[in-house]
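Asks: In UniProt numbering, the protein residues as written are 1 to 458.
Where is the CB? At the ideal position from N, CA and C, for every residue including glycine.
Nothing here was measured: the structure is a model prediction, and the numbers come from that model.
Below is one structure. I have some questions about it.
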């Protein structure tokens with residue numbers, strides 16, 4: 001006979017919280033049955049309304065805190081409880097770093113089956129606010145006026161009156177508000193996703209942290225943009241220092257922000273930024289880490305783990321616009337990068353030229369197909385660096401890495417669960433984990449970046 005849930009929907013319960021999920025919700029248990037409640041912390045006791053019930057778990061909503069954790073802080077963001085962008089502003093920063101370290105430890109134990117492996121303390125930021133160099137804000141309309149703001153949690157309803165985001169660069173914040181006001185003044189209408197009409201879908205602002213160069217990207221439903229000249233003139237009168245104004249066209253019914261076509265309306269196709277000694281050209285669609293200070297920390301860790309002496313051949317899988325590749329190329333004999341996005345490879349080649357690094361070679365393709373071809377051509381890397389998307393590596397790529405047999409694999413991951421899954425495969429196929437280092441790339445959120453060193457077993 002199947003066991004029924006010990007709670008019912010809309011029931012009020014007093015719960016004691018013993019843990020946190022990787023998404024930042026508190027965890028309470030009734031006879032082993034987990035109940036997840038956002039905005040609660042381990043050690044707290046609270047009155048909770050049960051709002052969702054399944055056989056194996058329930059979700060509750062905080063009604064009243066009875067006992068408060070000493071690690072709780074007042075979130076400084078006015079819309080924190082409405083917006084889904086941050087999950088941990090109510091937890092003090094030192095505890096956020098410990099939570100992320102524990103998150104990595106837990107998956108290493110449960111998924112990778114590495115219970116004895118040490119996980120280093122998370123490397124955090126001295127000032128964990130205002131770190132994002134890019135903002136993407138949806139545009140809507142109310143009473144004939146444009147409104148901008150992030151979506152409410154689990155909805156496409158824009159949070160009205162949201163004039164700032166305290167994890168985003170202040171210049172970007174200011175520009176979003178200015179762009180909205182200029183668009184309002186000249187008569188540009190917002191896109192309405194329900195009827196697939198209107199023009200302006202998103203406002204994207206990118207800023208070079210070291211160079212202060214700014215790119216504005218207007219995401220529109222149609223290539224034709226009404227009042228284009230008046231709009232550009234209005235922006236330049238407010239922000240004469242802007243380096244680039246781009247238009248990206250996305251005519252699809254989709255949640256994907258950027259479309260395929262991009263046009264330069266003013267200035268340059270690129271802005272520039274530097275990380276360490278390496279300079280990067282950043283286009284409207286370039287993937288470029290949003291926290292440049294912690295990116296430098298992350299890449300320095302990757303270099304340290306790669307242990308390059310100047311004589312090594314290195315492969316950088318999922319190389320993007322060449323950010324890690326060019327760091328490696330400063331200390332390696334040769335770096336080969338592979339990436340499936342052709343525009344990213346074009347940017348990687350451009351970035352190599354900018355930095356006068358001639359010991360790089362970039363190829364368009366799927367890493368799991370290109371690497372076996374490289375093997376057939378006699379390429380034998382000393383080090384492979386891999387930085388996959390959240391879904392982790394395809395098993396074919398893991399197999400290709402093992403076949404190539406490098407002395408060291410440096411795995412950079414934005415998802416501890418898929419990292420742990422892939423480490424399980426690699427440790428079952430001739431490699432052992434030597435070091436795991438979490439880096440806090442996204443303070444105030446539940447996300448953690450992790451970098452791992454594996455060496456080939458003798």
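1) According to DSSP, residue 244 sits in a beta bridge with which residue or residues?
2) In the DSSP output, what is residue 452 paired with across the bridge?
3) Assuming residue 420 contacts residue 108 (C-beta within less than 8 angstroms), just tell me the rounded distance between them.
4) Can you look up residue 235 in the DSSP assignment and give me helix, strand or coil?
5) What's the gap between the Cα of residue 339 and the Cα of residue 60?
6) Excluding sequence positions up to five away, which residues of its chain have a Cβ less than 6 angstroms from the Cβ of residue 288?
7) How many angstroms separate the CA atom of residue 101 from the CA atom of residue 36?
8) Can you name, in chain order, every residue of its own chain whose Cβ lies under 7 angstroms from the Cβ of residue 18, other than the five neighbours on each side?
9) Could you give the C-beta distance for residue 386 and residue 409, rounded to a whole number, given that I count them as a contact under 8 angstroms?
10) Between which two residues does the alpha helix (DSSP H) holding residue 367 run?
11) Give me the DSSP bridge partner(s) of residue 64.
12) From this set, 428, 200, 175, 204, which residue's C-alpha is nearest residue 221's C-alpha?
13) What are the start and end residues of each continuous beta strand (DSSP E) run of 3 or more residues lying completely inside the segment 163-221, in chain order?
14) Count the other CB atoms within 10 Å of the CB of residue 324; is the residue buried (16 or more) or exposed (fewer)?
15) Nearest CA to the CA of residue 336: which residue from 355, 374, 306, 179?
16) Measuring straight from C-alpha to C-alpha, what distance separates residue 63 and residue 389?
17) Under 8 angstroms: do the segment 114-124 and the segment 152-165 share three or more Cβ pairs, one atom per stretch?
18) Can you tell me which of 425, 415, 418, 320 puts its alpha carbon nearest to the alpha carbon of residue 403?
19) Name the residue from 442, 435, 448, 188 whose alpha carbon lies nearest to the alpha carbon of residue 117.
20) Report the partner residues of residue 272 according to the DSSP bridge assignment.
21) Taking only the alpha-carbon atoms, compute the straight-line gap between residue 75 and residue 104 and give it to the nearest angstrom.
22) Please return the same chain residues whose Cβ sits closer than 7 angstroms to the Cβ of residue 183, not counting the five positions on each side in sequence.
23) Checking 8 angstroms against the spacing of the C-beta atoms, do residue 159 and residue 131 come in under that value?
24) How big is the Cα-Cα spacing for residue 483 and residue 153?
25) Relative to the C-alpha of residue 445, which candidate in 400, 80, 50, 350 has its C-alpha closest?
26) For the structure I just gave you, are there three or more beta carbon pairs, one from the segment 393-401 and one from the segment 82-97, closer than 8 angstroms?
27) When you compare only the Cα positions, how much space is there between residue 77 and residue 334?
28) Identify the continuous alpha helix (DSSP H) that holds residue 346 and give its terminal residues.
29) Closest to residue 125 by C-alpha separation, out of 247, 173, 205, 291, would be which residue?
30) Under a three-way DSSP split, which group does residue 421 fall into?
31) Does the segment 300-316 come close enough to the segment 248-265 that 3 or more CB-CB pairs lie under 8 angstroms?
32) Residue 362 bridges to which residues according to DSSP?
33) If you measure between the beta carbons of residue 303 and residue 327, is that distance less than 8 angstroms?
34) Among residues of its own chain, excluding the 5 on either side of residue 176, which ones have a beta-carbon nearer than 7 angstroms to its beta-carbon?
35) Identify every run of the alpha helix (DSSP H) within the segment 91-118, keeping only runs that are complete inside it and at least 4 residues long; order them along the chain.
Replies: According to the data block:
1) Its beta-bridge partners are 215, 267.
2) According to DSSP, residue 452 bridges with 411, 436.
3) Contact between residue 420 and residue 108 holds: their C-beta atoms lie close to 6 angstroms from each other, under 8 angstroms.
4) Looking at residue 235 - three-state DSSP - the assignment turns out to be helix.
5) If I take the Cα positions, the gap works out to 42 angstroms.
6) The residues are 282.
7) Near 20 angstroms, if we compare the C-alpha coordinates of residue 36 and residue 101.
8) Contacts found: 27, 28, 29, 42.
9) Contact between residue 386 and residue 409 is confirmed by a C-beta separation of about 7 angstroms, below the 8 angstroms threshold.
10) Element bounds for residue 367: 367-376.
11) According to DSSP, residue 64 bridges with 47.
12) The option with the nearest alpha carbon to residue 221 is 200.
13) Qualifying beta strand (DSSP E) stretches, in chain order: 200-207, 214-220.
14) With at least 16 other beta carbons inside 10 angstroms of its own, residue 324 counts as buried.
15) Of the candidates 355, 374, 306, 179, 374 places its Cα closest to the Cα of residue 336.
16) Each residue's alpha carbon lies about 37 angstroms from the other.
17) These segments do not touch.
18) Ranked by Cα distance from residue 403, the first of 425, 415, 418, 320 is 425.
19) The shortest C-alpha separation from residue 117 is found at 435.
20) In the DSSP output, where bridge partners are listed per residue, residue 272 has 281.
21) For residue 75 and residue 104, the distance between alpha carbons rounds to 25 angstroms.
22) Excluding residues within five positions, the ones whose Cβ falls inside 7 angstroms are 146, 200, 231.
23) The beta carbons of residue 159 and residue 131 sit no closer together than 8 angstroms.
24) Within the shown structure, residues of the chain are numbered from 1 to 458, placing residue 483 beyond reach of any answer.
25) Selection 400, 80, 50, 350 evaluated against residue 445 yields 80 as nearest (Cα-Cα).
26) With a cut-off of 8 angstroms on Cβ pairs, the segment 393-401 is not in contact with the segment 82-97, counting fewer than three such pairs.
27) Between the C-alpha atoms of residue 77 and residue 334 there is a straight-line separation of about 46 angstroms.
28) Counted as a single uninterrupted DSSP element, the alpha helix (DSSP H) harbouring residue 346 occupies residues 342-354.
29) Selection 247, 173, 205, 291 evaluated against residue 125 yields 291 as nearest (Cα-Cα).
30) The answer is helix: DSSP assigns residue 421 an H, G or I state.
31) Per the Cβ contact rule, the segment 248-265 is not in contact with the segment 300-316 (fewer than 3 Cβ pairs under 8 angstroms).
32) According to DSSP, residue 362 bridges with 337.
33) Yes; because the gap between Cβ atoms is below 8 angstroms, this pair is in contact.
34) Excluding positions up to five away in sequence, the list reads 135, 137, 148, 203, 205.
35) With a minimum length of 4 residues, the unbroken runs of alpha helix (DSSP H) contained wholly in the segment 91-118 fall at 93-110.
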